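In the numbering used here, the protein residues as written are 1324 to 1658.
Virtual Cβ for every residue (Gly too), placed ideally from N, Cα, C.
Source: prediction; values computed, not measured.
First up is the structure itself, then whatever we jot down about it.
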Ligand code: FRU
């Protein structure tokens, strides 16, 4: 047999080796790559959401509390970076702040607008840029945003109206002069607080409502408006101001005119260091809880970013606070 000729046995041996080799190569290729401990793959990497918050002002204590609660909540969330801008009570600055959030491509934006007409367009622009916008407290004149969260101002106005009717003698019998001090007239909370109140007191023939001045939510303006009102109106039985700082400003003006004992002062917000304290001191007769909506806003933004649905409008509850329940209410906040 020539040496170059391959026997059947040699051929079979070669084929067995070849198949074995092929099997080994295939088996190795299918095995997952061994994982090193502490190895971070893109699947497990956490995304950090950058969320912008445009606050209209921080000079008022209710706003400062709003920011504090929101920042404390964001600090508990490792997957959130919150960027807060303060518009310092100026619409133009708030528009510029929103523009900077759009340019910086925030993952979501929270905004508590100064007023509706001036902020509507930039909210729509952010939405058009694909950024979910959550509007907090004061609304804008469009529904082109993801969600609105705030207190039910129409209901708060009605509740204040019910209180005023009771304080002036009860339904059908109420008698007296009410002086109303408006919050910012271009903002929906002031409009709703006005409309809800008038819905109730408007049914009382014995009640007359005076006052049509914009106090822009500020204590000093409340003082000035009341100072003038006291000069022109010999009888005022109750002051209804659209927030506690203006109600307290009106109280101080009445005190300076030595008429504070003849008048009941009613405000809205009921934060511990303002409204509640003034009720405890007997300076305000009543205030209504207006919860700052930042924490709920942050939770809604995260839900949206994680693909969950949120309702288009979320209303937060209110409560009447008077000397009868202020201590119990303050204690409940500490729990
Ligand atoms: C603070 C404030 C509150 C009021 C709210 C209405 O800026 O004036 O006192 O309840 O805004 O938007």
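In chain order, what residues of the same chain have a beta carbon less than 7 Å from the beta carbon of residue i, not counting five sequence neighbours either side?
{"i": "residue 1381", "result": "1387, 1390 and 1409"}
{"i": "residue 1566", "result": "1506, 1540, 1590, 1591 and 1592"}
{"i": "residue 1447", "result": "1465 and 1467"}
{"i": "residue 1482", "result": "1611, 1641 and 1643"}
By Cβ distance, which residues of its chain are closer than 6 Å to residue i, with the 5 residues on each side in sequence left out?
{"i": "residue 1568", "result": "1542"}
{"i": "residue 1537", "result": "1505 and 1508"}
{"i": "residue 1425", "result": "1449 and 1452"}
{"i": "residue 1308", "result": "Beyond the ends of the chain as shown, which are 1324 and 1658, falls residue 1308; an answer cannot be given."}
Helix, strand or coil: how does DSSP classify residue i here?
{"i": "residue 1470", "result": "strand"}
{"i": "residue 1412", "result": "coil"}
{"i": "residue 1404", "result": "strand"}
{"i": "residue 1371", "result": "coil"}
{"i": "residue 1355", "result": "Because residue 1355 sits at a pLDDT of 36, beneath the cut-off of 50, its placement in the model cannot be relied upon, and the point is left open."}
{"i": "residue 1507", "result": "coil"}
{"i": "residue 1636", "result": "strand"}
{"i": "residue 1572", "result": "helix"}
{"i": "residue 1433", "result": "strand"}
{"i": "residue 1596", "result": "helix"}
{"i": "residue 1656", "result": "helix"}
{"i": "residue 1443", "result": "helix"}
{"i": "residue 1422", "result": "helix"}
Look at the Cβ atom of residue i, then the Cβ atom of residue j, and state whether they are nearer than 8 Å.
{"i": "residue 1502", "j": "residue 1533", "result": "yes"}
{"i": "residue 1479", "j": "residue 1516", "result": "yes"}
{"i": "residue 1559", "j": "residue 1500", "result": "yes"}
{"i": "residue 1504", "j": "residue 1474", "result": "no"}
{"i": "residue 1561", "j": "residue 1647", "result": "no"}
{"i": "residue 1645", "j": "residue 1611", "result": "no"}
Determine the closest residue to residue i out of the options, with distance taken between C-alpha atoms.
{"i": "residue 1470", "options": "1647, 1626 and 1556", "result": "1626"}
{"i": "residue 1439", "options": "1461, 1427 and 1420", "result": "1461"}
{"i": "residue 1428", "options": "1406, 1441, 1417 and 1579", "result": "1406"}
{"i": "residue 1513", "options": "1457, 1535, 1550 and 1561", "result": "1535"}
{"i": "residue 1585", "options": "1611, 1614, 1594 and 1553", "result": "1553"}
State the CB to CB distance for the pair residue i and residue j, rounded to an integer number of angstroms; the pair is presumed to be in contact (CB under 8 Å).
{"i": "residue 1414", "j": "residue 1399", "result": "About 32 Å separates the two Cβ atoms, so there is no contact after all."}
{"i": "residue 1393", "j": "residue 1617", "result": "3 Å"}
{"i": "residue 1570", "j": "residue 1607", "result": "6 Å"}
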